[in-house]
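Taken in sequence, the protein lines are chains A and B.
When we follow this note's numbering, the leftmost residue of the first sequence carries the number 1, and every step to the right adds one.
When we follow this note's numbering, the leftmost residue of the second sequence carries the number 1, and every step to the right adds one.
For every residue, glycine included, the Cβ atom is placed at its ideal position computed from N, Cα and C.
These figures come from a predicted structure and were not determined experimentally.
What follows is one structure encoded as C-alpha cells, with my remarks underneath.
Number of protein chains: 2
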Amino acid sequence: MLDVQNPTEARKIIRDNKYTEQTAGAAYKYVQGNLCILPSKYASDFESFCKKNPKPCPLIGLGTKGDPLLNDLGDIDIRTDVPQYRVWKSGELIDEPLDIKKYWNDDLVTFILGCSMSFELPLIEAGIQMQHIQNNTIVPMYQTSIECETAGQFSGKMVVSMRPLNAHDAIKSIQISSKFPAVHGAPIHLGNPDEIGIKDIMKPEYGDPPRELKKNEMPVFWACGVTPQLILEKSKPDFCITHSPGKMLITDKLNKDLAV
Amino acid sequence: MLDVQNPTEARKIIRDNKYTEQTAGAAYKYVQGNLCILPSKYASDFESFCKKNPKPCPLIGLGTKGDPLLNDLGDIDIRTDVPQYRVWKSGELIDEPLDIKKYWNDDLVTFILGCSMSFELPLIEAGIQMQHIQNNTIVPMYQTSIECETAGQFSGKMVVSMRPLNAHDAIKSIQISSKFPAVHGAPIHLGNPDEIGIKDIMKPEYGDPPRELKKNEMPVFWACGVTPQLILEKSKPDFCITHSPGKMLITDKLNKDLAV
Numbered sequence: 001m002l003d004v005q006n007p008t009e010a011r012k013i014i015r016d017n018k019y020t021e022q023t024a025g026a027a028y029k030y031v032q033g034n035l036c037i038l039p040s041k042y043a044s045d046f047e048s049f050c051k052k053n054p055k056p057c058p059l060i061g062l063g064t065k066g067d068p069l070l071n072d073l074g075d076i077d078i079r080t081d082v083p084q085y086r087v088w089k090s091g092e093l094i095d096e097p098l099d100i101k102k103y104w105n106d107d108l109v110t111f112i113l114g115c116s117m118s119f120e121l122p123l124i125e126a127g128i129q130m131q132h133i134q135n136n137t138i139v140p141m142y143q144t145s146i147e148c149e150t151a152g153q154f155s156g157k158m159v160v161s162m163r164p165l166n167a168h169d170a171i172k173s174i175q176i177s178s179k180f181p182a183v184h185g186a187p188i189h190l191g192n193p194d195e196i197g198i199k200d201i202m203k204p205e206y207g208d209p210p211r212e213l214k215k216n217e218m219p220v221f222w223a224c225g226v227t228p229q230l231i232l233e234k235s236k237p238d239f240c241i242t243h244s245p246g247k248m249l250i251t252d253k254l255n256k257d258l259a260v
Numbered sequence: 001m002l003d004v005q006n007p008t009e010a011r012k013i014i015r016d017n018k019y020t021e022q023t024a025g026a027a028y029k030y031v032q033g034n035l036c037i038l039p040s041k042y043a044s045d046f047e048s049f050c051k052k053n054p055k056p057c058p059l060i061g062l063g064t065k066g067d068p069l070l071n072d073l074g075d076i077d078i079r080t081d082v083p084q085y086r087v088w089k090s091g092e093l094i095d096e097p098l099d100i101k102k103y104w105n106d107d108l109v110t111f112i113l114g115c116s117m118s119f120e121l122p123l124i125e126a127g128i129q130m131q132h133i134q135n136n137t138i139v140p141m142y143q144t145s146i147e148c149e150t151a152g153q154f155s156g157k158m159v160v161s162m163r164p165l166n167a168h169d170a171i172k173s174i175q176i177s178s179k180f181p182a183v184h185g186a187p188i189h190l191g192n193p194d195e196i197g198i199k200d201i202m203k204p205e206y207g208d209p210p211r212e213l214k215k216n217e218m219p220v221f222w223a224c225g226v227t228p229q230l231i232l233e234k235s236k237p238d239f240c241i242t243h244s245p246g247k248m249l250i251t252d253k254l255n256k257d258l259a260v
C-alpha cells in the first residue's frame, strides 16, 4: 500500500513510477477518481452520458481539449499521475503503460469520475462495518437490468456494487451516502436483488463474492463506477485511455468537501 | 373535514367550538402537534424523556408554567384551541371536554410534540404513494420491543407506524424524512418486523391493518407519537391533559420550515 497521506506527495511518487499498484488507502481523506480519456469527437456525447447518468458516472473533473493538466483537482498532469493506464483501440486493450506521454495528443479530453471510496470513508466513520473491507476483499459488483440513459453512441446497463447491511446501518448508509452525489450518492436499490435483474447474489460479475448475508442483513446496492468502463468497452471508440483497475487518480479534493 | 387553509382561521373556528372533529387535512401546510399538559412536578422528567427519545417524542413547543399561551407556535391559547381534550387522573380518563378552562391552573406546563403528518406531506409531494392515505384508513401502528430511554418515572416501549413501500420509495422516504427530525425523522427500521418485536404485521395494535404488502414492498417503520401517550398511561401521573386522538393543535409553523 502507498502509505502517504499527502496527495501531492503521493502523486509525486506515482509520477516518478516509484509506485505502480492499487491506490486504496493512500491519502485516504482525499477523493480518488476513475479516469477516461477520449478523442474530442466523443467528448460531447460522453459528457452528456455522464450528466444523464450521474449515479454510475459522477463527473468530478473535466479537462480542456489537449491540456493534460487538471488544475481544478490539484497539481495534476494526467499523463503521469496515475500508477498504471490501459490504452484501448476500437475496444481492444493494446497497452498497459506506467505513463501515457507517448499517447497524449492535442485532441484528447480527460474525464475524471468519482468513486465509492469517497462515501465508504464517512460510512466507516459513522460506525458502519462493511463486509468486503473487514474481509479485505473487493466489493461484489453485478450487472443489472437497469438501462442507463443513452447519449449518442454511449448506452448500456448499469453495474452496481453491493454491501450487506442490517436495517439500522442500511438506513444510516442511505442518509450518509445521499450527501455525496458526486460519488454515486444514495443507493439505487435495497432488498430483493431479482427486481434489478440480479439472479444470484452469491455470483457477482466483478469483484469477490460476498461471504454471506446474515439473517438480519439486506443487500444494499449502489451505482458503480465500473458502469462507464463497460459502456466504453461496448461502444468501442477508436481510441480511449482508462486507469488500470484499482489504480486511481489521487486528487487534492477532500472527501468531506464533496458532501452537500 | 375542517376545510380551512389559514391556521389562525382554523383555530378561531375550533376556539369557538364550531369544529370538534379530527384535524387531518386542515391547514395542511402547517405543523400539527400532539398535546400533553402536566403539573410542574412532572415537567422536568417529561422534558428529559422527550429529549432522550426525540424520534418518538419530538418536542416542538414547551409552555411556561401556568401560561396557557404558546406564542412561539402562533396566537395560541392551549385552553381552547384544540377541538377536544382528554383529562386524566392517575391514569384514568375522567373527562373529554371541548375546552379546558375549568381545569387550567397556575401549576400546569404544556408540551407540544411533532406528528408524522408533517413528513407525510413532503413524501406525497415527492410522488410517494402511501397505502393508508390512498385507502383513507388510519396508518397501522405497532407496539415494539424497543425500550425508550427512561427519565424519572417515565419509561416504556416505542410505538411505530408502518408504511409499505417499494425499494425506490423506501430509499426516497429515508432521504426526505431524515430532513425532518422535529417530526420523527428517519425510519427506525425497515424490512423484517420480527427484529423489533412485531409478530404479525397484519395485526397492528393501533390504527387500521395494512391491506396488503405487495411482493416488491417492504414495511418501513417510523417512531410514532402514540409512544408518549402510552408512556403517560403507564406512568399514571396524578393529573394530565392530552388531545383527543386525531384532534390536534394546529400551529403557525410551516411544515417545510421544519426541514433541516
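Chain A contacts made by the stretch 206-227 of chain B, where a contact means CB separation under 7 Å: Asn216 and Met218
For valine 87 of chain A and leucine 249 of chain A, believed in contact at Cβ under 8 Å, the rounded distance: The pair is not a contact, with the Cβ atoms about 16 Å apart (cut-off 8 Å).
Boundaries of the beta strand (DSSP E) in which glutamate 147 of chain A is found, first to last residue: 141-147
Pair within 8 Å by beta-carbon distance, glycine 191 of chain B and methionine 218 of chain B: yes
Residue range of the unbroken beta strand (DSSP E) whose run includes phenylalanine 221 of chain B: 217-223
Burial state of serine 178 of chain A, where buried means 16 or more other Cβ atoms lie within 10 Å: Around the Cβ of serine 178 of chain A, a 10 Å sphere holds 16 or more other Cβ atoms; the residue is buried.
Beta carbon proximity, glutamate 195 of chain A to chain B, threshold 8 Å: yes
The beta strand (DSSP E) enclosing glutamate 233 of chain A, as first and last residue numbers: If you look at glutamate 233 of chain A, you'll find it isn't in any beta strand (DSSP E); it sits in the alpha helix (DSSP H) that goes 226-235.
Closer than 7 Å at the beta carbon, the chain D residues around alanine 259 of chain A: Although the question refers to chain D, the structure presented lacks it and instead comprises the protein chains A and B.
Chain A residues whose Cβ lies nearer than 9 Å to that of proline 56 of chain B: Those do not exist, as proline 56 of chain B stays about 16 Å from chain A at its closest Cβ, beyond 9 Å.
Beta-carbon proximity list for glutamate 147 of chain A, same chain, < 7 Å, skipping 5 on both sides: Lys157
Other residues of its chain near arginine 264 of chain B: CB distance less than 7 Å, five sequence neighbours each side excluded: The requested residue 264 of chain B is not part of the displayed model; chain B covers only 1 to 260.
7 Å Cβ cut-off: residues of chain B touching histidine 189 of chain A: The contacting residues are Ala167.
Proline 58 of chain A versus A:Lys41, A:Arg79 and A:Leu35, residue with shortest Cα-Cα distance: A:Leu35
Beta carbon of valine 139 of chain A nearer than 8 Å to that of serine 161 of chain A: Going by C-beta atoms, valine 139 of chain A is nearer than 8 Å to serine 161 of chain A.
8 Å Cβ cutoff met for isoleucine 174 of chain A and proline 164 of chain A: Cβ atoms of isoleucine 174 of chain A and proline 164 of chain A: not closer than 8 Å.
Closest by C-alpha distance to lysine 89 of chain A, when choosing among A:Tyr42, A:Lys236, A:Glu96 and A:Asp257: A:Lys236
Residue-chain proximity (glutamine 175 of chain A, chain B), Cβ-Cβ < 8 Å: By this cut-off, glutamine 175 of chain A is an interface position.
Counted within 10 angstroms of its Cβ, other Cβ atoms place methionine 141 of chain A as buried (16 or more) or exposed: buried
Residue burial classification, threonine 110 of chain B (beta-carbon count within 10 angstroms, cutoff 16): buried
Cβ distance (whole Å) where phenylalanine 221 of chain A is taken to contact histidine 189 of chain A below 8 Å: A Cβ-Cβ distance of about 4 Å is found for the pair phenylalanine 221 of chain A and histidine 189 of chain A, placing them in contact under the 8 Å criterion.
8 Å Cβ cutoff met for leucine 93 of chain A and glutamine 84 of chain A: no
is_contact[isoleucine 146 of chain B, chain A] using C-beta, thresh 8 Å: no
Residue interval of the alpha helix (DSSP H) (run including tyrosine 42 of chain A): 40-52
Residues of the stretch 30-54 of chain B with Cβ closer than 8 Å to any Cβ of chain A, in chain order: none
Per-residue burial, aspartate 169 of chain A [other beta carbons within 10 Å of its own, 16 or more giving buried]: buried
Minimum C-alpha distance to leucine 254 of chain B - residue among B:Asp3, B:Ile14, B:Asp72 and B:Pro56: B:Asp72
Cβ-Cβ distance between lysine 234 of chain A and glutamate 149 of chain A below 8 Å: no
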